[in-house]
Amino acid sequence: MPLHLINRGRPAAGFTAAAALLLTLSACASGTTTGTASTTAAAGLPSSHVHGLSVNPTTDQVLLATHDGLFDLTKSPATKIGDTNDLMGFTTAADQGVFYASGHPGPGSGLPNPMGLVKSVDGGKSWEQLSRQGESDFHALAVTKSGIVAHDGTLLTSPDGKTWSPATAEFVPAVLAGNPETDTVLATTRDGLQRSTDGGKTWELNEAAPIIQFVAFAGGTEVIGIEPDGSVQYSADTGSTWTQTGRIDGEVQAITAVKKTGDKPTIWAATTEGILVSTDGGVVFQAPDAVR
Numbered sequence: 004m005p006l007h008l009i010n011r012g013r014p015a016a017g018f019t020a021a022a023a024l025l026l027t028l029s030a031c032a033s034g035t036t037t038g039t040a041s042t043t044a045a046a047g048l049p050s051s052h053v054h055g056l057s058v059n060p061t062t063d064q065v066l067l068a069t070h071d072g073l074f075d076l077t078k079s080p081a082t083k084i085g086d087t088n089d090l091m092g093f094t095t096a097a098d099q100g101v102f103y104a105s106g107h108p109g110p111g112s113g114l115p116n117p118m119g120l121v122k123s124v125d126g127g128k129s130w131e132q133l134s135r136q137g138e139s140d141f142h143a144l145a146v147t148k149s150g151i152v153a154h155d156g157t158l159l160t161s162p163d164g165k166t167w168s169p170a171t172a173e174f175v176p177a178v179l180a181g182n183p184e185t186d187t188v189l190a191t192t193r194d195g196l197q198r199s200t201d202g203g204k205t206w207e208l209n210e211a212a213p214i215i216q217f218v219a220f221a222g223g224t225e226v227i228g229i230e231p232d233g234s235v236q237y238s239a240d241t242g243s244t245w246t247q248t249g250r251i252d253g254e255v256q257a258i259t260a261v262k263k264t265g266d267k268p269t270i271w272a273a274t275t276e277g278i279l280v281s282t283d284g285g286v287v288f289q290a291p292d293a294v295r
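With this note's numbering applied, the sequence shown has no gaps in its numbers, which climb one by one up to 295 at the end.
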């Protein structure tokens, strides 16, 4: 179902549909994206519910956090990593192979329900219970320079993943995005893009920003955003100002972005048809095999 842009002064029904689609499947057309052209999708994904996407900038390993667990898409067919857990929230830490997650345990998992905040230091093979087991199902997670920001109905911050403090915010984030190099955090909300510069403790609505549905840091300052209509937005100043670079036709489930020295950000997008990649900051999207 196509999404529509939202007027900040109107009721929230439009964005409620958009936010719901952050956690559901959507179709993606075929072709190659240049500006408003169509896109070419890769093979189907291993799970119908995608919650997160991670790419190792050194090895280009692509990991997909889903309702059915964590999958390595670098291998064919995709290989499940670790136990089957519904990873509703998923984010990467500063060190490669270190992840934070939340959600619900699957069959034979052994984790409490809800999982609270768990941490993996072995690329998702195993998970350590950090805090709020049996209490919190964090649907949105982000790592910052000073800690973790998470939402389970209340927006919380933590310096270590174990002790938590409520943030001064009343909005409900659909997506949280941060980076270990900075304390700037972005949140996509029904009213627009919320921005924090103190690790998620306090927030301000960026009224000049476009309506963003998905957002991801490519580094300490560069950010990629996807509007509900698939327009790709780029920010060089941690989400203060934005420039449109291209567009993804169809609907997106999750994105991530990486920045290599001297390059434009590489953007990875999960769609219901598969993975799309842009190596030019969002102008052109293709299947991964086409850009290798």
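Each residue gets a CB set at the ideal place from its N, CA and C atoms; glycine is no exception.
Give the single residue among the options whose Cα lies nearest to the Cα of residue i.
{"i": "F74", "options": "T191, Y103, P49, L120", "result": "P49"}
{"i": "V58", "options": "Q99, T191, G85", "result": "Q99"}
{"i": "I251", "options": "L279, K267, V226, K78", "result": "L279"}
{"i": "S149", "options": "T157, Q136, S51, T166", "result": "T166"}
{"i": "A273", "options": "T282, A290, V261", "result": "A290"}
{"i": "D163", "options": "V286, S134, A190", "result": "S134"}
{"i": "D232", "options": "E225, G249, G265", "result": "G249"}
{"i": "G284", "options": "P80, I229, L56", "result": "I229"}
{"i": "L189", "options": "Q132, T69, F102, I227", "result": "I227"}
{"i": "Q132", "options": "G119, L158, A239", "result": "G119"}
{"i": "A97", "options": "S234, G222, L208, S79", "result": "G222"}
Excluding the 5 residues preceding and the 5 following residue i in the sequence, name in chain order all residues of the same chain whose CB lies nearer than 6 Å to its CB.
{"i": "W206", "result": "A172, Q197, S199"}
{"i": "T246", "result": "Y237"}
{"i": "T77", "result": "Q64, V65"}
{"i": "V286", "result": "T248, G249"}
{"i": "A68", "result": "H54, G55, L90, F93"}
{"i": "S161", "result": "G150, I151, W167"}
Considering only residues of the same chain and omitting the five flanking positions on each side of residue i, which have a CB-CB separation below 7 Å?
{"i": "T302", "result": "No information on residue 302 is available, as it lies outside the stretch 4 to 295 that the chain covers here."}
{"i": "G156", "result": "none"}
{"i": "P60", "result": "V261, K263"}
{"i": "E210", "result": "G195"}
Given residue i, which residues of its chain have a CB within under 8 Å of its CB, disregarding the five upstream and five downstream residues?
{"i": "G113", "result": "D86"}
{"i": "T187", "result": "T147, G181, R198, S199, T200, T241, G242"}
{"i": "I84", "result": "L66, G72, L73, F74, D75, G126, G127, K128"}
{"i": "N116", "result": "H107, P108, G137"}
My output table needs one value for residue i: the three-state DSSP class, helix, strand or coil.
{"i": "P115", "result": "coil"}
{"i": "T39", "result": "Bear in mind that a pLDDT of 36 at T39, under 50, signals an unreliable position, so the number given afterwards is only what the model happens to contain. In the structure shown, T39 sits in coil (DSSP, three-state: anything other than H, G, I, E or B)."}
{"i": "D252", "result": "coil"}
{"i": "D283", "result": "coil"}
{"i": "G277", "result": "strand"}
If we define contact as Cβ-Cβ less than 7 Å, is residue i a contact residue for chain C?
{"i": "G233", "result": "Given the protein chain composition of this structure (a single chain), no chain C is represented."}
| task | Answer yes if the stretch 133-145 comes into contact with the stretch 74-93, meaning at least three C-beta pairs across the two stretches below 8 Å, and no otherwise. | result | yes
| Uninterrupted beta strand (DSSP E) stretches inside the stretch 170-247 (no shorter than 3 residues) | 178-180, 188-192, 195-199, 207-209, 217-220, 226-229, 234-238
| task | Report the residue ranges of all beta strand (DSSP E) runs contained in full by the stretch 73-143; include only those spanning at least 3 residues, in chain order. | result | 82-84, 88-95, 102-108, 120-123, 131-134
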